[in-house]
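Report on one structure; see the data block that follows.
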Amino acid sequence: MRTSSKIPSSYDGLGISILETHESTSPKGVIMFIHGLCGRKERQLPAMDYFTGKGYICVGFDLRGHGDSVRKEDDRGYLYQAGKEGMIQDIGSVMKWIRRQYMNIPVFIVAHSLGSLAARTYIKRNDINIDGLILCGSPSYNPFSRIGIWIMKAICLTGHSRARTGMLQNLVSAGYNRRFRREGWQAWTCSDPEIRDMFENDQKCNIAITADCSLTLLELMAETYDKEGWKITNHELPILFISGAEDPCMISMKRFHRSVGFMNTVGYNNVSSIIYPGMRHEVLNEKGKEAIWDEMLAFLQNI
5 MRTSSKIPSS
15 YDGLGISILE
25 THESTSPKGV
35 IMFIHGLCGR
45 KERQLPAMDY
55 FTGKGYICVG
65 FDLRGHGDSV
75 RKEDDRGYLY
85 QAGKEGMIQD
95 IGSVMKWIRR
105 QYMNIPVFIV
115 AHSLGSLAAR
125 TYIKRNDINI
135 DGLILCGSPS
145 YNPFSRIGIW
155 IMKAICLTGH
165 SRARTGMLQN
175 LVSAGYNRRF
185 RREGWQAWTC
195 SDPEIRDMFE
205 NDQKCNIAIT
215 ADCSLTLLEL
225 MAETYDKEGW
235 KITNHELPIL
245 FISGAEDPCM
255 ISMKRFHRSV
265 GFMNTVGYNN
275 VSSIIYPGMR
285 HEVLNEKGKE
295 AIWDEMLAFL
305 QNI
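Heads up: the sequence shown is residues 5 to 307, going by my numbering.
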């Protein structure tokens, strides 16, 4: 069964759109799904339906400025100048909603790309609220993000926070796509052309983000990989990184393993990773995704 609802963000009251899938009367746990940049919750429905069929309640929600978490249709790609703090509080609002609905059962997070940065920034202060974390398509740290923050802050401070940064967005995507350019635009995201076509034809996904959104993305990256400020209460929190071997967001295999090791460095003792040969950025939607879901399920069942 699927249920849709909206809850207010504790940050500014923005309506956060939630989609819940559930079947079991005795659920094994709740899985919160957090999508990536320019995505929306419905793109994770195949994975959500799989885990629902295995006895879990799944809760997907649209990040602010994405999908249906907007005040107006043309606001997609704009985050209402809430910054990283707004993103953290949005996740917290959904988490509180889940905890009110489903007490005394485990809660897990599955987060993709931008969502993986937001999830780590959230647990940096709130890891007591979850029982396990799966990070998909994690962007490795880019030292140039600091320069990007200065540039985007300057744009926003001059009153242009709504300015669309499509040109920059396309340049970044073109760089990622260099190895796959013969397969078409955005081929770096997924090897399945049907998935790419669905994204390109989805008006709620194929959007140009704003300077405000770019700034938040860069701030989340900086915060995620900053060793300061981690308030760890659960050093044994199970954390799993999964990535396609051909995902350009990892930058390199060395950088990917550095991202995994970073979580050990800040104090987590139960961190593991899986690399999938031949797969790209959107591992949850890749060809052969069912095998990935099976491994994710095994990870959750062992917690």
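Just so you know, even glycine gets a beta-carbon here, dropped at the ideal spot from N, CA and C.
As the structure is a prediction and not an experimental result, all values here were calculated from the model.
Under a Cβ-count criterion, where at least 16 other Cβ atoms within 10 Å of its own Cβ denotes burial, should residue i be classed as buried or exposed?
i	result
Ala-302	exposed
Pro-242	buried
Asn-306	exposed
Glu-290	buried
Arg-200	buried
Glu-223	buried
Asp-16	exposed
Met-257	exposed
Arg-150	exposed
Ser-263	buried
Phe-260	buried
Gly-265	exposed
In whole angstroms, what separates the C-alpha of residue i from that of residue j?
i	j	result
Ile-155	Ser-218	10 Å
Asp-251	Gln-93	29 Å
Ile-35	Ile-61	6 Å
Ala-115	Leu-161	30 Å
Leu-175	Thr-25	37 Å
Trp-101	Leu-67	15 Å
Ala-191	His-285	10 Å
Gly-43	Gln-207	10 Å
Thr-125	Gly-233	10 Å
Met-267	Asp-79	34 Å
Arg-6	Gly-152	40 Å
Ser-277	Cys-140	10 Å
Glu-240	Ile-11	31 Å
Asp-131	Ile-236	7 Å
Ser-8	Asp-53	15 Å
Between the options, which lies nearest to residue i when the distance is taken from Cα to Cα?
i	options	result
Ser-30	Asn-268, Met-107, Val-287	Met-107
Ala-51	Pro-197, Ile-134, Glu-299	Glu-299
Ala-212	Glu-27, Lys-10, Trp-192, Gln-173	Gln-173
Phe-112	Tyr-145, Gly-69, Ile-138, Ile-11	Ile-138
Tyr-145	Glu-290, Gly-292, Met-91, Leu-121	Leu-121
Gly-33	Lys-231, Tyr-229, Asp-53, Gly-59	Gly-59
His-39	Ser-9, Arg-185, Asp-72, Ala-215	Asp-72
Ile-109	Asp-135, Arg-129, Asp-131, Gln-85	Asp-135
Gly-90	Arg-166, Val-63, Ile-20	Ile-20
Ala-249	Ser-142, Leu-83, Tyr-272, Ile-159	Ser-142
Ala-86	His-164, Leu-18, Ser-28	Leu-18
Asp-216	Phe-260, Gly-170, Ser-195, Tyr-180	Gly-170
Gly-282	Lys-293, Leu-83, Gly-179	Lys-293
Leu-187	Ile-127, Pro-197, Gly-179	Residue identity check: residue 187 is Glu in the sequence provided, not Leu. Comparing Cα positions, the closest option is Pro-197.
Can you name the start and end residues of the beta strand (DSSP E) that residue i belongs to?
i	result
Met-36	33-38
Tyr-126	Unbroken run through Tyr-126 is the alpha helix (DSSP H), 118-130; no beta strand (DSSP E).
Gly-136	136-140
Ser-21	19-25
In the DSSP assignment, find the alpha helix (DSSP H) that holds residue i and state where it starts and stops.
i	result
Arg-6	It is not in any alpha helix (DSSP H) - Arg-6 instead sits in the beta strand (DSSP E) that spans 6-12.
Cys-160	149-161
Val-63	First-last for Val-63: 60-65, but that is the beta strand (DSSP E), not the alpha helix (DSSP H).
Thr-56	49-57
Just to confirm the assignment: which complete beta strand (DSSP E) runs, minimum length 3, are found wholly within the segment 213-295?
243-248, 275-280
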